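Residues in the sequence shown are numbered consecutively from 140, following my numbering.
All C-beta atoms in this analysis are idealised placements derived from N, C-alpha and C, irrespective of residue type, glycine included.
Please read these numbers as outputs of a predicted model, since none were measured by experiment.
The block underneath contains the structure these notes are about, expressed in structure tokens.
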Amino acid sequence: MSQPTAAPSTAIIILAAGKGTRMKSALPKVLHEVAGRPMLGHAIAAAAEAGANQICLVTAPEQHAVRAYALSEAPEIINCIQENQLGTGDAVRAAADAVSGVERVVVMFGDTPLMRADILTQLSMSDADVTVLGFEPDDAATYGRIVMDATAPARIVEFKDADAETRAVTLCNGGAMGVHTEVLSALLPLLGNDNAQNEYYLPDLVQLAVQSRKSTALVMGDVDDTLGVDSRAGLARAEARMQARLRAAMFDAGVTMQDPNTVYLSHDTVIEPDVRLEPNIKIGPGVHIAGGALIKAFSHLEGVTVGPRAIIGPFARLRPGTVLGADVRIGNFVETKNANIRDGSKVNHLSYIGDAELGLGVNIGAGTITCNYDGFKKHLTQIGDGAFIGSNSSLIAPVTIGAGAYLGSGTAVSSDVPKNGLTVTRAPRRDLKNWADNFRRQNQKED
């Protein structure tokens with residue numbers, strides 16, 4: 140019985156030197172976000188998931204922010220500089236020395252956030268000397284065309300250089316490519332720039348490979364895998380397609396969405412089975428929602444852990460550092476941040492709970508505020524198990540409310556409250572008879 144072929148050592152080169160001028164943005168194109176993550180982050184994650192032994196990033200000299208972000212995501216990444224933007228072939232030349240120690244090189248773009256790791260793996264595992272990614276869109280538009288010779292790619296022609304016959308071809312170039320390292324080293328110096336753009340095209344490697352009697356092959360992807368972003372409209376299309384992919388995964392995981400097109404997820408959203416999501420919900424990065432929870436309409440969650448059977452919203456905003464236990468209730472127009480709210484506690488109406496620790500079964504009345512910031516530092520509010528905080532209370536941190544304590548409505552506390560007692564701070568009531576009538580008469584005379 141034959142042994143399975145071991146995966147070749149692979150370097151994945153991410154091309155990110157483009158200026159992205161059509162984005163009309165001070166932010167480098169590949170740092171624009173799709174599903175809560177920069178496009179370059181999606182590319183790096185796909186390369187890592189594909190099992191790359193090395194990841195190389197090609198950038199322009201001035202793209203310091205791009206290189207800094209890449210290192211923050213993958214400290215082992217190899218940064219390579221393309222001194223002049225002379226095309227994709229020239230960009231790969233900039234990384235050629237860095238990848239000389241591997242068997243296989245895969246090239247992808249930093250602005251294709253929907254590229255799947257399994258596509259990169261197929262390009263890496265191919266036995267052919269040069270393997271290209273193809274796809275067949277409904278409208279081939281201005282994509283480069285892959286011209287086949289029998290069953291293998293013979294050449295790739297950029298749209299601007301294609302004649303009418305070639306433009307009639309429906310098989311399009313997806314941009315990504317896998318090449319044996321020795322073949323890449325041999326063919327890169329042969330690339331020319333005799334084309335409409337006067338650039339060195341990486342796709343020309345296919346024709347050079349055929350002329351050098353090297354083998355070529357085709358890996359088929361879909362439109363999403365190859366969707367590049369070069370404008371704000373393109374960014375919106377990528378976001379829409381990524382959201383469709385994420386929503387489909389949630390359905391497969393047992394999540395209910397009443398109106399999925401109005402639910403926005405992030406690349407790392409984790410939602411367990413039997414969670415229900417009402418319409419118009421935004422889930423930012425770093426959210427984990429446990430089974431049986433209900434997220435009501437118009438709620439916004441980011442950096443949050445939601446416990447089993449919790450009910451959130453409608454119109455709730457849960458900010459980073461919020462941890463909710465089982466059966467917690469967070470109601471309408473409630474905001475939380477850096478708040479640990481344990482099982483069974485309720486914050487049902489019009490409240491801000493920040494830098495706070497709530498015990499089991501705490502009830503927070505409408506309009507309660509934790510006053511956590513003194514202009515320089517944030518301070519902690521601690522509320523013990525079973526405490527009852529009356530409506531319109533102000534908890535001036537640092538402060539501890541003892542277990543089982545009651546705070547009367549309208550109470551403002553700036554010192555610790557003992558457990559199981561009642562604390563009330565109110566000004567004495569005054570009733571001034573006929574005051575309103577006198578006030579009206581006085582103002583009417585002045586008019």
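Could you round the C-beta distance between residue i and residue j to whole angstroms and report it? I think they count as a contact, below 8 Å.
i      : j      : result
Ile535 : Cys510 : 4 Å
Ser263 : Val245 : 5 Å
Val123 : Gln202 : What the structure shows of the chain is the stretch from 140 to 586, and residue 123 is not part of that stretch, so it cannot be assessed.
Ala379 : Val368 : Wrong, their Cβ atoms sit about 12 Å apart, outside the cutoff.
Ala182 : Ala213 : Not quite, the Cβ-Cβ distance comes to about 10 Å (not below 8 Å), so this is no contact.
Ile480 : Gly464 : 6 Å
Gly506 : Ser530 : 5 Å
Leu323 : Gly228 : Contact flag wrong, Cβ pair sits at about 10 Å.
Asn218 : Thr198 : 7 Å
Ala429 : Gly498 : Incorrect: roughly 19 Å between the Cβ atoms, too far for contact.
Gly504 : Ser553 : Not a contact, Cβ separation roughly 18 Å.
Asp431 : Arg448 : Strictly speaking, residue 431 in this sequence is Gly, with Asp absent from that position. That pair is a contact at about 4 Å.
Leu385 : Thr408 : 7 Å
Val345 : Ile295 : 5 Å
Ala155 : Leu179 : 6 Å
Ala455 : Ala478 : So it is not a contact: roughly 12 Å between Cβ atoms.
Tell me the residue span of the beta strand (DSSP E) that contains residue i.
i      : result
Met316 : Cys311 to His319
Leu463 : Thr461 to Leu463
Ala184 : No beta strand (DSSP E) holds Ala184; the alpha helix (DSSP H) holding it covers Met178 to Glu188.
Glu304 : Unbroken run through Glu304 is the alpha helix (DSSP H), Ala303 to Arg306; no beta strand (DSSP E).
Glu474 : Glu474 to Ile480
Thr509 : Ile508 to Cys510
From residue i to residue j, what distance separates their C-alpha atoms?
i      : j      : result
Ile151 : Phe274 : 20 Å
Glu297 : Leu166 : 28 Å
His427 : Val414 : 11 Å
Leu374 : Gly525 : 49 Å
Phe437 : Arg468 : 16 Å
Ala348 : Thr270 : 10 Å
Asp257 : Ala189 : 6 Å
Arg232 : Val445 : 48 Å
Val501 : Leu546 : 12 Å
Gly442 : Asn582 : 54 Å
Asn312 : Glu321 : 23 Å
Thr149 : Ala234 : 14 Å
Leu170 : Ala185 : 16 Å
Glu215 : Tyr208 : 12 Å
Ser141 : Thr260 : Note on Ser141: pLDDT 37, under 50, position unreliable in the model; the coordinate value appears next. Going from the Cα of Ser141 to the Cα of Thr260 covers about 22 Å.
Ile220 : Ala291 : 33 Å
Lys389 : Pro276 : Reading the sequence as shown, one finds Met at residue 389 and not Lys. Straight-line Cα distance between these residues: approximately 26 Å.
Ala279 : Gly249 : 22 Å
Val241 : Val205 : 25 Å
Leu561 : Lys476 : 27 Å
Glu338 : Pro424 : 39 Å
Leu137 : Ser370 : Lying before the first or after the last residue shown, residue 137 is absent from the chain, which here runs from 140 to 586.
Asn573 : Arg580 : 11 Å
Arg569 : Arg458 : 41 Å
Asn559 : Asp466 : 23 Å
Pro143 : Leu357 : With a pLDDT of 41 at Pro143, under the threshold of 50, the modelled position of that residue is not reliable, and the figure given next carries that caveat. So the two alpha carbons sit approximately 22 Å from each other.
Ala267 : Ala303 : 30 Å
Ala372 : Met381 : 14 Å
May I ask you to report which of helix, strand or coil DSSP gives residue i?
i      : result
Pro143 : Residue placement at Pro143 cannot be trusted, given a pLDDT of 41 that sits under 50; the coordinates are not used to answer.
His488 : strand
Val269 : strand
Leu253 : coil
Tyr208 : helix
Ile216 : coil
Ala356 : strand
Phe134 : Here the chain covers residues 140 to 586 and nothing more, so residue 134 does not appear.
Val173 : strand
Gly159 : coil
His427 : strand
Ile152 : strand
Gly493 : strand
Glu441 : coil
Val197 : strand
Gln202 : coil
Leu457 : strand
Leu433 : strand
Lys516 : coil
Thr260 : helix
Need the endpoints of the alpha helix (DSSP H) that residue i sits in, please.
i      : result
Arg468 : Note, Arg468: premise wrong, no alpha helix (DSSP H); beta strand (DSSP E) at Arg468 to Asn471.
Val345 : Leu344 to Gln350
Thr290 : Element bounds for Thr290: n/a, residue is neither H nor E.
Val362 : Val362 to Thr365
With a cut-off of 9 Å, does the C-beta of residue i fall near any C-beta of chain C?
i      : result
Val296 : This model lacks chain C altogether, as it is built from one protein chain only.
**Item:** Those runs of the alpha helix (DSSP H) which lie wholly inside the segment 370-425 and span at least 4 residues
**Value:** Taking only runs of at least 4 residues, the alpha helix (DSSP H) segments lying wholly in the segment 370-425 are 371-391.
**Request:** Pick out the complete beta strand (DSSP E) segments inside the segment 222-253, 3 residues or longer, and give them in chain order.
**Result:** 243-248
**Message:** Runs of 4 residues minimum, wholly inside the segment 526-586: which ones carry the alpha helix (DSSP H) assignment?
**Reply:** 574-585
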